[in-house]
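J.: Sharing a structure below in structure tokens format, with a few things to ask.
In my numbering, the protein residues as written are 8 to 402.
As structure tokens, this is what we get:
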């Protein structure tokens, strides 16, 4: 074990069990040490995201079995991760990734004529900003926020603060030079500052990528740009190119879209209810909902399998519901998934998902609301583990 890697930090749970952080230069692993048997198991930190999980180990006495709740491990995991942050190169990599991630999510889409607004792809509609240079002079214009703003944010997002005055300013760098992003982080840190920091920490530490396995990508972030050791002097080893973070990288696309969906829709997530039922159609119709239409969603849109989604409305109650029936077995839930939201809120969400206030797409907005809801839950599960060292702004 020590020849392959090393233990950076350790915390005793009791006389039988200890948790440790082990690394060999890539994504760290959580080491679960059974002190009575002197046996160790290495797992990714994503394992502790599920607080309801239990762990059983053999005790000192013959036949003795000791069971722990993962929720009780939170103080120990926080402690060993904080020590790991202080003692390794993780700190440097973390702060660099925070900067790269901020630039990725704030990268504006460019519109140089009015037709560009109507032709935005779904991927471009996931952006938070549009560099609007469509008024005749393609080198000047304004950065248009593509998200709803509260009162404090609206005071920052004035046209005077968002002017584009040259060709070079129609970029991420131009937006950051205006100071608007920093002002938003100060005005609403939970939305603009903490989410990015927690996500960056999770990406490097081996937590899930919002429920998906991101360990290969995490390992790449640890090793990209490093020159391999050439063990054969007769063979030339080329240095691997440094991978630049982009929200559009295949491994990161879904996590990035969920992050931006959360930032856009965070104010209305309290009105979005997700539940699970054996027969969504029967239960919704008995609750006064009328079936509207049905559409199939491909694998990866709502989950790890294809879904058949039925749209329902209850005009009397002012509610819209979606019955999502998995077409194959999924490990994420049993039965059908039902997403319910007040119709007026859903209509507002569709407006927030358009550029220029036109072309609302129910299917696109349904997906983004679910992704935002998933990110909200995931973010809440990661934040307690990293809050002591991630530089979060707590109110």
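Beta carbons: idealized from backbone N, C-alpha and C, even for Gly.
#1: With a threshold of 6 angstroms on Cβ separation, who are the neighbours of residue 155 within its own chain once the five nearest residues in sequence on each side are excluded?
#2: Measure the C-alpha to C-alpha separation of residue 132 and residue 119 and round it to an integer number of angstroms.
#3: Give a yes or no on whether the C-beta atoms belonging to residue 320 and residue 350 are separated by under 9 angstroms.
#4: In three-state terms, what does DSSP make of residue 30?
#5: Going by CA-CA distance only, name the one from 393, 401, 398 that's closest to residue 418.
#6: Three Cβ pairs or more, each shorter than 8 angstroms: is that satisfied between the stretch 21-34 and the stretch 172-192?
#7: Contact between the stretch 308-320 and the stretch 268-276 is defined here as three or more beta-carbon pairs at a separation below 8 angstroms; is this criterion met?
#8: For residue 403, count neighbouring C-beta atoms within 10 Å of its own C-beta (all shown protein chains included) and say buried if the count is 16 or more, exposed if not.
#9: Contact check, residue 17 vs residue 25 under 8 angstroms by CB: the rounded distance?
#10: In the DSSP assignment, find the alpha helix (DSSP H) that holds residue 372 and state where it starts and stops.
#11: Spell out the partners DSSP gives residue 136 in its beta bridges.
#12: Can you tell me whether residue 109 is buried or exposed, with buried defined as 16 or more other CB within 10 angstroms of its CB?
#13: Over what stretch of residues does the alpha helix (DSSP H) that includes residue 290 continue unbroken?
#14: Cutting at 7 angstroms between CB atoms, please list the residues of its own chain near residue 302, excluding the five before and the five after it.
#15: Going by DSSP, what residue range makes up the beta strand (DSSP E) through residue 343?
#16: What distance in whole Å lies between the Cβ atoms of residue 37 and residue 47, which are believed to be in contact at a cut-off of 8 angstroms?
#17: Quick check: the stretch 89-96 against the stretch 382-402, are at least 3 beta-carbon pairs closer than 8 angstroms?
#18: Would residue 374 and residue 353 qualify as a contact pair, given that the criterion is a beta-carbon distance under 9 angstroms?
#19: According to DSSP, is residue 114 part of a helix, a strand, or is it coil?
#20: Please look up how many angstroms separate the CB atoms of residue 88 and residue 28, rounded, as I've assumed it's under 8 angstroms.
#21: With the cut-off set at 9 angstroms, would you say residue 34 and residue 211 are in Cβ contact?
#22: Can you tell me whether DSSP reads residue 397 as helix, strand or coil?
#23: Determine the closest residue to residue 102 out of 81, 209, 305, with distance taken between C-alpha atoms.
#24: Grab the span of the beta strand (DSSP E) containing residue 320 for me, first residue to last.
#25: Please report the residue range of the alpha helix (DSSP H) in which residue 205 lies.
T.: Reading off the structure:
#1: 359
#2: So the alpha carbons of these two residues sit roughly 16 angstroms apart.
#3: yes
#4: Of the three classes helix, strand and coil, the one that applies to residue 30 here is strand, per DSSP.
#5: Only positions 8 to 402 of the chain appear in this structure, which leaves residue 418 out of reach.
#6: no
#7: no
#8: There is simply no residue 403 to check, as the chain begins at 8 and stops at 402 in what is shown.
#9: 6 angstroms
#10: Under the DSSP assignment, residue 372 falls in the alpha helix (DSSP H) whose first and last residues are 369-393.
#11: 152
#12: buried
#13: 287-293
#14: 316, 370
#15: 343-349
#16: About 11 angstroms separates the two Cβ atoms, so there is no contact after all.
#17: yes
#18: no
#19: coil
#20: Right, the Cβ-Cβ distance comes to about 7 angstroms (below 8 angstroms), so this counts as a contact.
#21: Going by C-beta atoms, residue 34 is nearer than 9 angstroms to residue 211.
#22: coil
#23: Out of 81, 209, 305, 209 has the C-alpha closest to the C-alpha of residue 102.
#24: 314-321
#25: From DSSP, the alpha helix (DSSP H) with residue 205 extends over 202-212.
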